[in-house]
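Take the sequence shown: its position 79, counting from 1, is numbered 81 in the working numbering, and each next residue is one higher.
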Amino acid sequence: MASIKNLKKDINYTLGAIATICDDWQKKNPSEDMTASNAILDDAYNAYDDLLNKVNSNDVENAKSYFKTLSKELESKAVALLERANNL
């Protein structure tokens with residue numbers, strides 16, 4: 003169970019950090035257009051919900067490979083969101 007617990011923490015911390023980056027950018031640049039940063043925030047929240055729903059799924063046959071796949075999915079989504087956040 004520690005693996006699932008750590009995956010949930012990774013999802014929370016990673017996507018939370020991306021949301022914090024966007025929030026900080028919005029606070030430092032109040033005169034800028036917030037459309038792009040709000041879109042990144044929305045995508046981060048949607049990824050968070052999607053990944054946690056997948057982690058909490060009860061109908062998993064091969065748990066080890068399933069959670070490895072989710073970990074890789076988290077990584078790819080986080081990298082894409084960070085690239086977009088860096089371009090703000």
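All C-beta atoms in this analysis are idealised placements derived from N, C-alpha and C, irrespective of residue type, glycine included.
Nearest to residue i (by Cα), restricted to the options the options
{"i": "residue 16", "options": "89, 90, 83, 88", "result": "83"}
{"i": "residue 19", "options": "34, 43, 5", "result": "43"}
{"i": "residue 75", "options": "21, 54, 22", "result": "54"}
{"i": "residue 86", "options": "58, 34, 23", "result": "23"}
{"i": "residue 25", "options": "79, 41, 77", "result": "41"}
For residue i, the first and last residue of its enclosing alpha helix (DSSP H)
{"i": "residue 76", "result": "65–88"}
{"i": "residue 48", "result": "37–57"}
Residues near residue i by beta carbon distance below 8 Å, same chain, minus five either side
{"i": "residue 7", "result": "none"}
Same chain, Cβ closer than 7 Å to residue i, five either side skipped, listed in chain order
{"i": "residue 27", "result": "39, 90"}
{"i": "residue 46", "result": "17, 20, 21, 83"}
{"i": "residue 88", "result": "none"}
{"i": "residue 5", "result": "69"}
Beta-carbon contacts of residue i that lie in its chain and below 6 Å, excluding the five residues immediately before and after
{"i": "residue 62", "result": "68"}
Residue i at chain D interface by Cβ criterion, 8 Å
{"i": "residue 10", "result": "Structure shown: chain D not included; a single protein chain is present."}
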